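K.L.:
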Amino acid sequence: MTKSILKHIQNARATNEKLIAILLDPDKTSSDEIPSISKRIEKLKANFIFVGGSLVENGKTTFFVKTLKKHTQIPVVLFPGDYSQVTNEADALLFLSLLSGRNPEYLIEQQIKSVPFLKNSTLEIIPTGYILIDGGTQSSVLKVSKTTPISQENIELAVATAIAGMYKGKQLIYLEAGSGAIKPVNAKIISEVHKNISIPLIVGGGIRTKKQLTTAFENGADLVIIGTAFEKHIDLFNT
6 MTKSILKHIQ NARATNEKLI AILLDPDKTS SDEIPSISKR IEKLKANFIF VGGSLVENGK
66 TTFFVKTLKK HTQIPVVLFP GDYSQVTNEA DALLFLSLLS GRNPEYLIEQ QIKSVPFLKN
126 STLEIIPTGY ILIDGGTQSS VLKVSKTTPI SQENIELAVA TAIAGMYKGK QLIYLEAGSG
186 AIKPVNAKII SEVHKNISIP LIVGGGIRTK KQLTTAFENG ADLVIIGTAF EKHIDLFNT
């Protein structure tokens, strides 16, 4: 049985261990690619594989994760765009609430729709406050959720939103610049959010260089998500 993923992340924050997750979107990755992709991820020594996307065909996530689990021992964490992407084949689920938006569908409605499945699931369910930061592009999250991201300059709002998420009982805060972001979450937001919360901080979106990765870690990210850079074979670890 896989050890608690949340405890792993919490312990990493406590010991200042920095974690990496690779994000795979079943709509962008064919099942035929999974064996070679799994080898690449193993070589990078990633701590987790996140699986999800804003628009994934119903049932596709289950097949994708099942195939993935045949080729790697790295824990698989669901990062779902909606409740239809939840599958028992994974190890854990980020139970996301889009705190930066005001659309009730992604604050609570999607979560309620997932309950009939989750109450009988073996997944580790991790309450996560999801905060969308303006990455300079019309991300899929923005289009699907129909919500406005927080400006990179509005540090006070980003921090207040993260603190509110912590007070609401979230176990993780996830700052996301969006898939294909032109610019990642800026260092000041990461630093200020880190200083003001006592729970682990995830940062993702727009990280395409080793310098950007290092900056995120140095300013308080406990876990960094790599998506587009991995898809484009950008080597963040040796450049």
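For the working numbering, count along the sequence shown from 1 and bump the result up by 5.
Virtual Cβ for every residue (Gly too), placed ideally from N, Cα, C.
These figures come from a predicted structure and were not determined experimentally.
1) Does the beta-carbon of Thr220 have 16 or more other beta-carbons within 10 angstroms, so that it is buried, or is it exposed?
2) Rounded to whole angstroms, what's the CA-CA distance from Glu114 to Gly86? Just pull it up for me.
3) Under three-state DSSP, which class holds Ile14?
4) Of all the options Ser126, Lys237 and Leu147, which has the alpha carbon lying nearest to the alpha carbon of Glu181?
5) Run through DSSP, which three-state label would Met6 get?
6) Over what stretch of residues does the alpha helix (DSSP H) that includes Leu73 continue unbroken?
7) Count the other CB atoms within 10 Å of the CB of Thr127; is the residue buried (16 or more) or exposed (fewer)?
8) Do Ile195 and Gly211 count as a contact pair if the criterion is CB distance below 8 Å?
9) Beta carbon of Gly106, beta carbon of Thr142: below 8 Å?
10) Who are the near neighbours of Leu254 in its chain, counting only those whose CB is closer than 8 Å to its CB and skipping five residues on each side?
11) For Ser150, which of Val190, Ile136 and Glu158 has the nearest alpha-carbon?
12) Rounding to the nearest angstrom, what Cα-Cα distance links Lys215 and Ala17 in this structure?
13) Mind checking which residues open and close the alpha helix (DSSP H) that includes Pro121?
14) Between the alpha carbons of Leu112 and Ile130, how many angstroms are there, rounded?
15) Closest to Leu177 by CA distance: which of Asn159, Pro154, Ile160 and Val208 is it?
16) Any idea if Pro121 is buried or exposed, counting beta-carbon neighbours within 10 angstroms, 16 or more meaning buried?
17) Measure from the alpha carbon of His199 to the alpha carbon of each residue in Gly183, Glu161 and Thr233, then state which is nearest.
18) Skipping 5 residues on each side, what residues in its chain have a beta carbon closer than 8 Å to that of Met6?
19) Let me check one thing: in DSSP terms, what residues is Thr91 bridge-paired to?
P.N.:
Checking against the coordinates, here is how it stands:
1) Counting C-beta atoms within 10 angstroms of its own C-beta, Thr220 has 16 or more neighbours from the protein chains shown and is therefore classed as buried.
2) Glu114 and Gly86: Cα-Cα distance of roughly 13 Å.
3) Here Ile14 sits in helix by DSSP.
4) Looking at Ser126, Lys237 and Leu147, the one whose alpha-carbon comes closest to that of Glu181 is Leu147.
5) Confidence is the limiting factor: at Met6 the pLDDT is only 43, short of 50, which leaves the residue's position unreliable and the question unanswerable from this model.
6) Run containing Leu73: Lys65 to Lys74, per the alpha helix (DSSP H) assignment.
7) Burial call: exposed.
8) The answer is no: Cβ separation not under 8 Å.
9) Taking the C-beta atoms as reference points, Thr142 is found no nearer than 8 Å to Gly106.
10) Look at the range of the chain in this structure, 6 to 244, and you will see that residue 254 is not part of it.
11) Distance check between Ser150 and each of Val190, Ile136 and Glu158 places Ile136 closest, using alpha-carbon atoms only.
12) Between Lys215 and Ala17, the C-alpha separation is close to 20 Å.
13) In the DSSP annotation of this structure, the continuous segment of the alpha helix (DSSP H) that includes Pro121 starts and ends at Gln115 to Leu123.
14) Using only the alpha carbons, I get a separation of about 16 Å.
15) The shortest C-alpha separation from Leu177 is found at Val208.
16) Around the beta carbon of Pro121, fewer than 16 other beta carbons lie within 10 angstroms, which makes this residue exposed.
17) Restricting attention to Gly183, Glu161 and Thr233, the CA atom closest to the CA of His199 is found in Glu161.
18) With a pLDDT of 43 at Met6, under the threshold of 50, the modelled position of this residue cannot be trusted; read the value that follows with caution. For Met6, where only same-chain residues beyond five positions count, there are no Cβ hits under 8 Å.
19) The sequence shown places Val at residue 91, not Thr. Paired residues: none, contrary to the question.
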